[in-house]
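In this note's numbering, the protein residues as written are 3 to 196.
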């Protein structure tokens, strides 16, 4: 026989439901930020890091005096090529989305672990600045010694990416060919009837 749910557990679930519904109906901004970084090798010994940060306001009110600061890129390891690591906006409306990107050039070789970007904003009902963090990035292996690409490596990548699509198209074409072309046994049968 199954054990019934304990009364304290029911009370805890009801309390969590109440708290989450209260938070969901409150009139405040809810900032979500996603940070992405990608490496591009220009030539031997030169690699660039492209960083983009998407900031979303999923709350029910506007965030004012929003600013982004991504100070996780030390100057002794990176040079800024384009853009800035910090940016400010006057407002971010409810349901709104803003993006910021910049590009860096790596100076040193090694594994780099970046920290999340910090987003600060002001809520009209509170005097203190509110703070949100972006998602962290995966470790970047900067100026890594990559083995030379093997012959036909591009074919493997193409098959890995489009293999299922190629097989579906092949099956459809084969089916159409079989349905559209007359069979040899049907042709022989029609000759015998004459």
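Using N, Cα and C, we set each Cβ at its ideal position, and we do this for glycine too.
- Counting the other Cβ atoms within 10 Å of the Cβ of residue 83 gives fewer than 16, which makes it exposed.
- Per DSSP, the unbroken alpha helix (DSSP H) holding residue 155 starts and ends at 155-182.
- In this structure, residue 55 keeps its C-beta atom at 8 Å or more from the C-beta atom of residue 108.
- The region 63-72 makes contact with the region 88-101, as at least three CB pairs between them are under 8 Å.
- The alpha-carbon of residue 155 is positioned some 18 Å away from that of residue 166.
- The way I'd put it, the region 123-131 doesn't touch the region 74-81; fewer than three beta-carbon pairs between them come closer than 8 Å.
- Residue 104 and residue 110 have their C-alpha atoms some 19 Å from each other.
- In this structure, residue 122 lies away from residue 37, with their beta-carbon atoms at least 8 Å apart.
- Residue 39 is a Cβ neighbour of residue 142, given a cutoff of 8 Å.
- Rounded to the nearest angstrom, the gap between the Cα atoms of residue 180 and residue 159 is 31 Å.
- DSSP places residue 45 in the uninterrupted beta strand (DSSP E) bounded by 33-45.
- Rounded to the nearest whole angstrom, the C-alpha separation of residue 118 and residue 75 is 11 Å.
- Residue pairing for residue 64: DSSP places it in no beta bridge.
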